[in-house]
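Asks: Residue 54 in the UniProt record's numbering sits at position 54 of the sequence shown; the count goes up by one each step and never skips.
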Amino acid sequence: MSPTIYTIILTSLATGTIITMSSFHWLMAWIGLEINTLAIIPNISTTHHPRSTEAATKYFLTQAAASALILFSSMINAWQTGYWDITQLSSTPSHILLTVALAMKLGLAPLHFWLPEVLQGSTMSTALIIVTWQKLAPMSLIFLTMNNLSTTILLTLGLTSSLVGGWAGLNQTQTRKIMAYSSIAHLGWMATISSIMTNILVMNLLIYLTMTTSLFYFLIVTKSKTIQNLTTIWTLSPMMTIMMMLSLLSLGGLPPLTGFLPKWLIMEELINQNLTTVTIFMALISLLSLFFYIRLAYTTTLTLSPNMTQTKFKWRFYPSMKTTTILISTMITIFMMPMMSTILM
Numbered sequence: 001m002s003p004t005i006y007t008i009i010l011t012s013l014a015t016g017t018i019i020t021m022s023s024f025h026w027l028m029a030w031i032g033l034e035i036n037t038l039a040i041i042p043n044i045s046t047t048h049h050p051r052s053t054e055a056a057t058k059y060f061l062t063q064a065a066a067s068a069l070i071l072f073s074s075m076i077n078a079w080q081t082g083y084w085d086i087t088q089l090s091s092t093p094s095h096i097l098l099t100v101a102l103a104m105k106l107g108l109a110p111l112h113f114w115l116p117e118v119l120q121g122s123t124m125s126t127a128l129i130i131v132t133w134q135k136l137a138p139m140s141l142i143f144l145t146m147n148n149l150s151t152t153i154l155l156t157l158g159l160t161s162s163l164v165g166g167w168a169g170l171n172q173t174q175t176r177k178i179m180a181y182s183s184i185a186h187l188g189w190m191a192t193i194s195s196i197m198t199n200i201l202v203m204n205l206l207i208y209l210t211m212t213t214s215l216f217y218f219l220i221v222t223k224s225k226t227i228q229n230l231t232t233i234w235t236l237s238p239m240m241t242i243m244m245m246l247s248l249l250s251l252g253g254l255p256p257l258t259g260f261l262p263k264w265l266i267m268e269e270l271i272n273q274n275l276t277t278v279t280i281f282m283a284l285i286s287l288l289s290l291f292f293y294i295r296l297a298y299t300t301t302l303t304l305s306p307n308m309t310q311t312k313f314k315w316r317f318y319p320s321m322k323t324t325t326i327l328i329s330t331m332i333t334i335f336m337m338p339m340m341s342t343i344l345m
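As structure tokens, then:
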């Protein structure tokens, strides 16, 4: 792809997200979402492979349907109340339609089927954009309409997403599909807390973006597309292997790593809201996700693939990209938990 075209695409991605996040009129928010969708589609199909074309088509159809539902929801609300403001959403049918549309945009279960397939048909860098940057605009709409959305529907979507993300991820061997189901599970936690405590939602979103970016950078640098590829990472760089293992355990929410913090705060807030049953279910469901994270960590760090030579390491490790981003995001992923007590005070 031409550098000029790629720059235009990335600029359009940023512009669409910023328009949606900064707008208070439904039409402007919809325009921002459409710009965002149209900008990412060429990025998905850039490899000119039938699988990437299929992924781009699936992404376009699901996102177009979700955008149409958002526009329909805002029109119903404007018809009944006379307001086009995002914060003035008081019609019950509009609530339900908007929640379904945002769930489809984010990939929440049971509207998640497009996400693993789209990620599998995309390159690693495009998959990183889809599971991180593309979540910001829909999450900002949830943040703006938090007082009007149904808590019961969001809790149901959150529980379902956490269960599906953990259960379906157990059977995967492709790293991109594993990251897709990981994203679904984490979005389930965010949906659960979204209508109760938005401060925890924002913090959870930022930590999720950091952890996912860190792990995707490891996968990009090591060119690992399957679990089998992970068994030879230690020959490239033993230190990178250890850092990747810690990033995986942090994504699984294992204390005292950073990923444990948002789950801890979410469960504490759910108990304060007398939602003890939901808290217990969320804690039990998270063990499913933790299992396949531990499986990946075990494969990466503690296994040795068959080798016909006596050489333990490759002669030279030269990363194909700058590692500064990896170091910063990994440090935050691993060591942010001990600092949060000071930050939260």
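All C-beta atoms, glycine included, are put in the ideal place defined by N, C-alpha and C.
(1) If we ignore side chains and look at the alpha-carbon of each, how far apart do residue 297 and residue 121 end up?
(2) Is the CB-CB distance between residue 84 and residue 144 below 8 angstroms?
(3) What residue range does the alpha helix (DSSP H) around residue 253 cover?
(4) Between residue 62 and residue 104, is the Cβ-Cβ spacing less than 8 angstroms?
(5) Check the C-beta distance from residue 162 over to residue 189 and give it rounded, since I have them as a contact under 8 angstroms.
(6) Which one of 39, 38 and 295 has the shortest CA to CA distance from residue 169?
(7) So, for residue 251: in the same chain, excluding its five sequence neighbours on each side, which residues have a beta-carbon less than 7 angstroms away from its beta-carbon?
(8) Check each candidate in 34, 106, 269 and 40 and name the one with the smallest Cα separation from residue 68.
(9) Is it the case that the Cβ atoms of residue 37 and residue 72 are separated by a distance below 8 angstroms?
(10) Might you give, ordered along the chain, the residues of its own chain that have their beta carbon closer than 6 angstroms to the beta carbon of residue 116, omitting 5 neighbours on each side?
(11) Since residue 249 and residue 300 are thought to touch, with beta carbons under 8 angstroms apart, how far apart are those beta carbons, to the nearest angstrom?
(12) Only counting the same chain, and skipping five residues up and downstream in sequence, which positions put a Cβ closer than 6 angstroms to that of residue 271?
(13) So residue 29 and residue 141 are in contact, right, with Cβ under 8 angstroms, and what is the actual spacing, rounded?
(14) Using the beta-carbon count (16 or more within 10 Å), is residue 6 buried or exposed?
(15) Mind pulling the beta strand (DSSP E) runs of 3 or more residues that sit fully within the segment 106-146?
(16) If contact is defined by three or more beta carbon pairs under 8 angstroms, each pair taking one atom from either stretch, is the segment 147-163 in contact with the segment 105-113?
(17) Can you pull the DSSP bridge partners for residue 95?
(18) Among 191, 44 and 74, which has the Cα closest to the Cα of residue 267?
(19) So what does DSSP say about residue 13, is it helix, strand or coil?
(20) So, with DSSP's three-state summary, where would you put residue 186?
(21) List the residues that DSSP assigns as beta-bridge partners of residue 174.
(22) Can you check DSSP and say which residues form a bridge with residue 354?
(23) How far does the alpha helix (DSSP H) with residue 271 in it extend, from its first residue to its last?
(24) Mind checking whether residue 112 and residue 150 have CB atoms under 8 angstroms apart?
(25) For residue 194, is the classification buried or exposed, using 16 other Cβ atoms within 10 angstroms of its Cβ as the cut-off for buried?
(26) Can you give me the Cβ contacts of residue 55 inside the same chain, cut-off strictly under 6 angstroms, excluding the 5 residues immediately before and after it?
(27) In three-state terms, what does DSSP make of residue 236?
(28) Looking only at its own chain, which residues have a Cβ that is under 7 angstroms from the Cβ of residue 269, when we skip the five neighbours before and after it?
(29) Classify residue 199 as helix, strand or coil using the three-state DSSP reduction.
(30) Can you tell me which of 13, 4 and 165 puts its alpha carbon nearest to the alpha carbon of residue 291?
(31) Under a Cβ-count criterion, where at least 16 other Cβ atoms within 10 Å of its own Cβ denotes burial, should residue 277 be classed as buried or exposed?
Replies: Quick answer:
(1) Locating residue 297 in the sequence shown gives position 297, where the first residue counts as 1. Locating residue 121 in the sequence shown gives position 121, where the first residue counts as 1. So the two alpha carbons sit approximately 24 angstroms from each other.
(2) The residue given as residue 84 occupies position 84 in the sequence shown. The residue given as residue 144 occupies position 144 in the sequence shown. Cβ atoms of residue 84 and residue 144: not closer than 8 angstroms.
(3) For the purposes of this step, residue 253 is taken as the residue at position 253 of the sequence shown. Careful: residue 253 lies outside any alpha helix (DSSP H) and carries neither H nor E.
(4) Residue numbering aside, residue 62 sits at position 62 when the sequence shown is read from its first letter. Residue numbering aside, residue 104 sits at position 104 when the sequence shown is read from its first letter. Yes, the Cβ-Cβ distance between residue 62 and residue 104 is below 8 angstroms.
(5) Stepping through the sequence shown from its first residue, residue 162 is reached at position 162. Stepping through the sequence shown from its first residue, residue 189 is reached at position 189. Contact holds; Cβ gap of about 6 angstroms.
(6) For the purposes of this step, residue 169 is taken as the residue at position 169 of the sequence shown. Closest option to residue 169, Cα to Cα, is 295.
(7) Here residue 251 refers to the residue found at position 251 of the sequence shown. Contacts found: 182, 211, 215, 259 and 293.
(8) To locate residue 68, count along the sequence shown from 1; it is residue 68. When each option's Cα is compared against that of residue 68, the closest is 34.
(9) Start at 1 with the first residue of the sequence shown, and residue 37 comes out as number 37. Start at 1 with the first residue of the sequence shown, and residue 72 comes out as number 72. 8 angstroms or more divides the Cβ of residue 37 from the Cβ of residue 72.
(10) The residue you call residue 116 lines up with position 116 of the sequence shown. Answer for residue 116: 177 and 180, listed in chain order.
(11) For this step, residue 249 is matched to residue 249 along the sequence shown. For this step, residue 300 is matched to residue 300 along the sequence shown. Between residue 300 and residue 249 the Cβ distance is about 11 angstroms, and since that is not below 8 angstroms, they are no contact.
(12) Within the sequence shown, residue 271 is the residue found at index 271, counting from 1. Cβ neighbours of residue 271 beyond the five flanking positions: 279.
(13) Within the sequence shown, the letter at position 29 stands for residue 29. Within the sequence shown, the letter at position 141 stands for residue 141. Contact holds; Cβ gap of about 6 angstroms.
(14) The sequence position of residue 6 within the sequence shown is 6, counting from 1. Exposed.
(15) If one requires a minimum length of 3 residues, no beta strand (DSSP E) run lies completely within the segment 106-146.
(16) Yes, they touch.
(17) For this step, residue 95 is matched to residue 95 along the sequence shown. Its beta-bridge partners do not exist; DSSP assigns none.
(18) For the purposes of this step, residue 267 is identified with residue 267 of the sequence shown, where counting begins at 1. Restricting attention to 191, 44 and 74, the CA atom closest to the CA of residue 267 is found in 191.
(19) Start at 1 with the first residue of the sequence shown, and residue 13 comes out as number 13. The answer is helix: DSSP assigns residue 13 an H, G or I state.
(20) Numbered from its first residue, the sequence shown carries residue 186 at position 186. DSSP places residue 186 in the helix class (H, G or I) of the three-state scheme.
(21) For this step, residue 174 is matched to residue 174 along the sequence shown. For residue 174, which the question treats as bridged, DSSP gives the partners 226.
(22) With the chain covering 1 to 345 only, the question about residue 354 has no answer from this structure.
(23) As a working mapping, residue 271 is identified with position 271 in the sequence shown. Residue range 260-272 is occupied by the alpha helix (DSSP H) that includes residue 271.
(24) As a working mapping, residue 112 is identified with position 112 in the sequence shown. As a working mapping, residue 150 is identified with position 150 in the sequence shown. Result no, Cβ atoms of residue 112 and residue 150 do not sit closer than 8 angstroms.
(25) Here the question's residue 194 lines up with position 194 in the sequence shown. With 16 or more Cβ atoms within 10 Å of its Cβ, residue 194 is classed as buried.
(26) Taking the first residue of the sequence shown as position 1, residue 55 is located at position 55. 44, 118, 121 and 122.
(27) In the sequence shown, residue 236 corresponds to position 236, counting from 1. Assignment of residue 236 by DSSP, reduced to helix, strand and coil, places it in the coil class.
(28) Position 269 of the sequence shown, counted from the first residue, corresponds to residue 269. Apart from the 5 residues on each side of it in sequence, residue 269 sits with its Cβ closer than 7 angstroms to the Cβ of 193, 196, 197 and 200 in its chain, given in chain order.
(29) The count along the sequence shown starts at 1 and reaches residue 199 at position 199. Reduced to three states, the DSSP call for residue 199 is helix.
(30) Indexing the sequence shown from 1 puts residue 291 at position 291. Residue 291 has its Cα closest to that of 165, out of 13, 4 and 165.
(31) If you number the sequence shown from 1, residue 277 lands on position 277. Exposed, by the Cβ-count rule.
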